[in-house]
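Participant:
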Ligand SMILES: [Cu+2]
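Residue numbers (this note's numbering): 359 to 466.
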């Protein structure tokens with residue numbers, strides 16, 4: 359095999375490895391409690407647990423991809439959510455699911 363062919367194979371392999379890393383780093387799953395719903399800025403304030411490979415537990419604002427998601431949750435709900443990270447590092451909630459509804463717990 360010529361050096362040129364080996365070089366092309368090496369470059370291709372590096373490209374495949376790097377592109378798979380990019381895909382892997384793009385999406386995260388986290389759990390947290392809704393502290394505030396900010397309809398005007400399409401944001402949720404969430405006290406979230408550690409997000410593996412991204413950050414530790416903290417309280418912060420997240421933008422939601424669809425404003426309809428804001429009306430799906432209530433303050434106090436514990437949610438499981440999917441975070442999408444773009445190339446600039448901006449985080450957006452693309453999916454969420456209520457795993458504990460504190461309003462129900464309080465009513466019981
Ligand atoms: Cu955070």
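We put the CB at the ideal spot given by N, CA and C, even for glycine. Quick caveat: nothing in here was measured; it's all calculated off a predicted structure.
Does residue 428 come out as helix, strand or coil in the three-state DSSP assignment?
Facilitator: As a first step, residue 428 must be located in the chain shown, where it is residue number 70. Of the three classes helix, strand and coil, the one that applies to residue 428 here is helix, per DSSP.
Participant: Give the DSSP-derived three-state secondary structure of residue 460 in the structure shown.
Facilitator: Counted from its first residue, the chain shown places residue 460 at position 102. If DSSP states are grouped into helix, strand and coil, residue 460 belongs with the helices.
Participant: From the DSSP secondary-structure annotation, give me the bridge partner or partners of residue 405.
Facilitator: Along the chain shown, read from residue 1 onward, the residue named residue 405 stands at position 47. Bridge partners of residue 405: 391 and 417.
Participant: For residue 433 and residue 454, which I take to be in contact (beta-carbon distance under 8 Å), what is that distance rounded to the nearest angstrom?
Facilitator: Position 75 of the chain shown, counted from the first residue, corresponds to residue 433. Position 96 of the chain shown, counted from the first residue, corresponds to residue 454. 14 Å between Cβ atoms; not a contact.
Participant: Assuming contact is defined by CB atoms lying nearer than 7 Å, are residue 392 and residue 422 in contact in what I supplied?
Facilitator: The residue labelled residue 392 in the question sits at position 34 within the chain shown. The residue labelled residue 422 in the question sits at position 64 within the chain shown. The answer is no: Cβ separation not under 7 Å.
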